[in-house]
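What follows is a short report on a single structure.
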Amino acid sequence: MLPSTLLLSLAASASTHIASWNKGMYCKVNSNHRHLISKKNQWWMQANRGCNLVPPPAGEFLELPAGKSFETELANNRAFTTLSYDGKLTTNWQDGKNRSMPWRGPRNTPGCLTDGGDGSAGELHTRSIETTGGTAWAISYESDIKKVTMDNLVVFSVRYYSPFFRETWYDVPADMPACPEKGCYCAWFWIPDGC
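Residue numbers (UniProt numbering): 1 to 195.
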């Protein structure tokens, strides 16, 4: 069973700046796109920017292979994913920069990553990989985007120590039901650390 889904890029906080970029997502119209998340009353389906009206091309879906894993790219800008510029601006990191591990904020009790040196990584809202809040994928078996709500989205996969790296894999339950004939919708969520 291989449920195909359309992706809604959602987040669980008003102050987040990372998105999950995939085939099958709504509002994927700009190669250098970093306007991701605003206040909650604006981020739901990003209707304030009309993203709920810009579906993926016909026939383009995010494939969720039951009992296997799927890859997503977590980045602060679509430009730093393989979905833009033929992937020429990608690195292992969410912002296209090169770093070495361990990457932590300054001081013995690490401060936020933005406090150290180049001022980057504020979009991760964390101090280190160990303090990332985690990310999750949820699915709604509604075939009409207007009927997708927080009440009918069900989390089916989580990833600890995320978001941190660009390439991230999520497991799909082996017994996950297939989408209805007209499709279904998924959403990606994360919990920032508070930085």
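Even glycine gets a Cβ: it sits at the ideal position worked out from N, Cα and C. The structure displayed is predicted, hence computed values, not measured ones.
Taking a contact as a CB-CB distance under 8 Å, the pair Tyr-160 and Thr-72 does not count as one, their CB atoms being some 15 Å apart.
Burial check for Asn-77: the Cβ neighbour count within 10 Å reaches 16 or more, so the residue is buried.
Gly-133 is positioned such that its CB atom lies no closer than 7 Å to that of Pro-180. Assigned with DSSP and collapsed to three states, Cys-186 falls in strand. For Thr-72, the enclosing beta strand (DSSP E) has its first and last residue at 69-75. Note that the stretch 96-113 touches the stretch 124-141; at least 3 beta-carbon pairs, one per stretch, sit closer than 8 Å.
By the Cβ-count criterion, Arg-166 is buried, with 16 or more other Cβ atoms from all chains shown falling within 10 Å of its own Cβ. The C-beta distance from Leu-62 to Lys-23 rounds to 6 Å, short enough to fall under 8 Å.
Taking C-beta separations shorter than 6 Å and ignoring five residues to either side along the sequence, the partners of Val-155 in its chain run Ala-136, Ala-138, following chain order.
With 16 or more other Cβ atoms from the protein chains shown falling within 10 Å of its own Cβ, Ser-157 counts as buried.
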